[in-house]
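Trainee: Residue numbers (our numbering): 1205 to 1779.
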Amino acid sequence: MMDQKNLFIAIGLSIAIVLGFHYFYDRPRVQQQAQQQEQQQPAQTPLPGTAPLAPGAQAPAAPQARDRAAIVAEGKRVTIDSPRLAGSISLVGGLVDDVVLKDYHETVEPGSPRIALLHPAGTAHPYYAEFGWTAAGGNGAQQPKLPDSNTPWSADRQTLTADQPVTLAWDNGAGLKFKRVYALDKNFMMTVVQRVENTGTDPVTLYPYALVSRSGTPEVLGFYILHEGLLGVFDGSLKEYTYKNMQEEKNGTAKFATAGGWLGITDKYWLVALVPPQGEKVDAYFRYVLRDKTDKYQIDYIGAARAVAPGAAAESEGRLFAGAKEVKLIDAYEKDLLIKLFDRAVDWGWFYWLTKPIFFVLDFFYGVIGNFGLAILLLTVVVKGLFFPLANKSYKSMSSMKKLQPQMIALREKFGEDRQALNQAMMELYKREKVNPVSGCLPIVIQIPVFFALYKVLFVTIEMRHAPFYGWIKDLSAQDPTSIFNLFGLIPWTPPHILMIGAWPLLMGVTMFLQQKLNPQPPDPVQAKIFMMLPIFFTYLLSAFPAGLVIYWAWNNLLSIAQQWVIMRRAGVKA
């Protein structure tokens, strides 16, 4: 019958949404991949700035990881001290391998350590950026001596600040003098200008390169809706490779020819990216190799040839982003530096056209009222206002359906098991009373895109990370930390994750139950019992979702209840 079909459509849509999100959000983290074979992979294109193992060579045993602070303290370094970054640049190789984000901490707890983004060689998981020059090979000509990751550079000052760049210098003793200027803005972008001067008697042809190297496969969330791994924009097209994709890539290498764009390695909230000269054609690479029993990932690009005649000089400029994926900042870099699609560093997903605007609405409200939780409540009111005419029509239809329930029950008793006659009688009743049974699904359907977009905003944007609400909600991007199974903290026991059903999910379940009581009830007792179980079902599923999303759902239910109750009262239906 049409009223029952209507209800089942609503159930099906709701369950599909929540089950889907639950699967993406709360599914177990991806199982650790089977241990890779220890032998070296087939010969690959040599990585710029590195010395790959010769074919058949025995890989040396991986050195034991050392303390990060000790490695930084013992080396010759230029200190990084800007408003938002701390760390240092190694004078051995000129590597940017020590970057700490001053504004971000690992947890919400007071005194939590700051986020250490880049790590020098010798630590458990080295992660660094390198700039340099490489020469064309294969013609038998003697190669010039070029700076590499072991080159001892000298610096013109001790500290790199947002106001004072640092220049590194090195002379190869054979007619080539190299300089490298590091300049840092007040946020997370570093500009690196490389210069080579030929004071010898022979011309040289050099190619500028830059790379970011990461050792070890980081622990990832493994959610389908979030990309973590290697990514870049090449000739206006976004390319994304997970760590697993790279391990399965033929020869461990993916090559892209591009003019402009960028390439990087992204975590959920953090990004390390290279920005080549935007007007220059470059060859960009994503690379993977298993070396010393360790997964190694690298992004790099090689620029156009620079022919440097005796007495001449050549330059190359590149940029390094190492920091948090703050939406407005990323957008500003895209606009000011003309970096094509740099905003795609934030994983807005398929619904980019809706997800990003919702973020900006939330951010605007946050700027006015100073709390992202209140901003979510205000966004819900705005969404309800936008869809008010459509929802009003739907609720009026549902009120009419509820008003017709006695007649529908009478028809069921009259026709019994004669389904055809019963359906025909129902259709005549709907037509006579001018009721559209399908329109009752609209309140659920119209909120699906908003629900999904808000979920993405809460899940992927750094602005929502550690954003508090009130009371026990210290992080709107994380699940409600309370649980009914320890009486919300009164019992000194931490329930297992499966029993973490907090206060806000329970409130959402209660509001869903109340809203359900306003809707037309199915005449079939079995269906009625199934409907009675839905609030419990949804309460459990949503308990693992970000608290901000549960707050949105509960508040949306309350507004819907108020709207529907008023409409039913005006229609003369008992609410």
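The beta carbon of each residue, even a glycine, is placed where N, CA and C say it ideally should be.
Taking the C-alpha atoms as reference points, what is the distance between Ala1509 and Met1394?
Mentor: So the two alpha carbons sit approximately 23 Å from each other.
Trainee: Is it right to say Val1312 is buried, meaning 16 or more other beta carbons lie within 10 angstroms of its own, or is it exposed?
Mentor: So Val1312 counts as exposed.
Trainee: Looking at the strands, I want to know which residues DSSP matches up with Gln1502.
Mentor: Ser1417, Arg1491.
Trainee: Rounded to whole angstroms, what's the CA-CA distance from Asp1302 to Pro1324? Just pull it up for me.
Mentor: If I take the Cα positions, the gap works out to 6 Å.
Trainee: Can you tell which of Thr1665, Phe1592, Gln1368 has the C-alpha that lies nearest to the C-alpha of Lys1560?
Mentor: Checking every option, the nearest Cα to that of Lys1560 belongs to Thr1665.
Trainee: If you reduce the DSSP assignment to three classes, tell me which class Phe1382 lands in.
Mentor: Phe1382: strand per DSSP, three-state reduction.
Trainee: I'd like the list of long-range same chain contacts for Ala1378, defined as Cβ closer than 8 Å, with 5 residues on each side in sequence excluded.
Mentor: So the list reads Pro1348, Lys1349, Gly1404, once near-sequence residues are dropped.
Trainee: Would Pro1514 and Pro1422 be called neighbours here (beta carbons separated by less than 9 Å)?
Mentor: No, Cβ-Cβ distance for Pro1514 and Pro1422 is not below 9 Å.
Trainee: Given this structure, state the Cα-to-Cα distance separating Ala1707 from Ile1429, to the nearest angstrom.
Mentor: Their backbone Cα atoms lie some 27 Å apart in a straight line.
Trainee: Hey, out of Arg1669, Pro1709, Phe1546, whose CA is closest to Leu1680's CA?
Mentor: When only C-alpha atoms are compared, the closest one is Arg1669.
Trainee: For Phe1382, which of Asp1547, Asp1389, Trp1374 has the nearest alpha-carbon?
Mentor: Looking at the Cα atoms, Trp1374 is the closest of the given residues.
Trainee: Taking its Cβ as the centre, do 16 or more other Cβ atoms sit within 10 Å of Ala1247, making it buried, or is it exposed?
Mentor: Interpretation of Ala1247 is limited by its pLDDT of 31, a score under 50 that renders its predicted location unreliable; no figure is taken from the coordinates.
Trainee: How many Å lie between Ala1657 and Tyr1473 at the Cα?
Mentor: One C-alpha to the other measures close to 17 Å.
Trainee: Output the distance between the C-alpha atoms of Glu1530 and Glu1667, rounded to the nearest integer angstrom.
Mentor: One C-alpha to the other measures close to 7 Å.
Trainee: Return helix, strand or coil for Val1222, following the three-state DSSP convention.
Mentor: Low confidence applies to Val1222: its pLDDT is 48, below 50, so where it sits in the model is not reliable enough to give any reading.
Trainee: Pick from Pro1739, Val1396, Ala1579: whose alpha carbon is nearest that of Lys1721?
Mentor: Lys1721 has its Cα closest to that of Pro1739, out of Pro1739, Val1396, Ala1579.
Trainee: Please classify Gly1342 as buried or exposed, where buried requires at least 16 neighbouring CB atoms within 10 angstroms.
Mentor: Because the pLDDT at Gly1342 is just 47, under 50, the model does not fix this residue reliably, and the value given afterwards should be weighed accordingly. Looking at its Cβ environment, which holds fewer than 16 other Cβ atoms inside 10 Å, Gly1342 is exposed.
Trainee: Shortest alpha-carbon distance to Lys1459 belongs to which of Leu1594, Gly1433, Gly1420, Ile1503?
Mentor: Of Leu1594, Gly1433, Gly1420, Ile1503, the residue nearest in Cα terms is Ile1503.
Trainee: With DSSP collapsed to three states, give me the class of Gln1768.
Mentor: The answer is helix: DSSP assigns Gln1768 an H, G or I state.
Trainee: Helix, strand or coil: which one does DSSP assign to Pro1653?
Mentor: The answer is helix: DSSP assigns Pro1653 an H, G or I state.
Trainee: Trp1374 lies in the beta strand (DSSP E); which residues open and close that run?
Mentor: Trp1374 -> beta strand (DSSP E) spans 1370-1375.
Trainee: Do the region 1355-1372 and the region 1278-1287 make contact, defined as three or more Cβ pairs closer than 8 Å?
Mentor: Touching, yes, given that three or more Cβ pairs across the two stretches are closer than 8 Å.
Trainee: Is the beta carbon of Arg1510 within less than 8 Å of some heavy atom of the ligand MN?
Mentor: Ligands displayed in this structure: none; no statement on the ligand MN is therefore possible.
Trainee: Relative to the C-alpha of Tyr1756, which residue among Gln1268, Ala1579, Val1486, Gly1620 is closest?
Mentor: Closest option to Tyr1756, Cα to Cα, is Ala1579.
Trainee: As a quick exercise: from Val1770, Ile1734, Met1712, pick the residue whose alpha carbon is nearest that of Asn1761.
Mentor: The candidate whose alpha carbon is nearest that of Asn1761 is Met1712.
Trainee: Label Gln1628 either buried or exposed according to how many other C-beta atoms from any shown protein chain fall within 10 Å of its C-beta, with 16 as the threshold for buried.
Mentor: Gln1628 comes out exposed.
Trainee: Do you know offhand how far Gly1326's Cα is from Gly1297's?
Mentor: Spanning the two alpha carbons is a distance of roughly 14 Å.
Trainee: Taking C-alpha atoms, which residue in Pro1481, Ile1469, Gly1420, Val1493 lies nearest to Asn1455?
Mentor: Cα-wise, what sits closest to Asn1455 is Val1493.
Trainee: Going straight from the alpha carbon of Tyr1505 to that of Lys1544, what length do you get?
Mentor: When rounded, the distance between both Cα atoms is 16 Å.
Trainee: Could you check if Asn1402 is buried or exposed, using at least 16 other CB atoms within 10 Å of its CB as the buried criterion?
Mentor: By the 10 Å Cβ count, Asn1402 comes out buried.
Trainee: Leu1582 to Phe1749, Cα distance in whole Å?
Mentor: Straight-line Cα distance between these residues: approximately 20 Å.
Trainee: Tell me the rounded alpha-carbon separation between Tyr1413 and Val1397.
Mentor: Approximately 11 Å between the Cα atoms of the pair.
Trainee: Can you list the alpha helix (DSSP H) stretches of 4 or more residues lying completely in the region 1269-1333, in chain order?
Mentor: Runs found: 1272-1278.
Trainee: May I ask you to report which of helix, strand or coil DSSP gives Lys1459?
Mentor: Strand.
Trainee: Quick one: what's Pro1412 bridged to in DSSP?
Mentor: Note: Pro1412 sits in a beta bridge opposite Trp1337.
Trainee: Beta carbon of Ala1682, beta carbon of Gly1577: below 9 Å?
Mentor: Contact flag unset, no.
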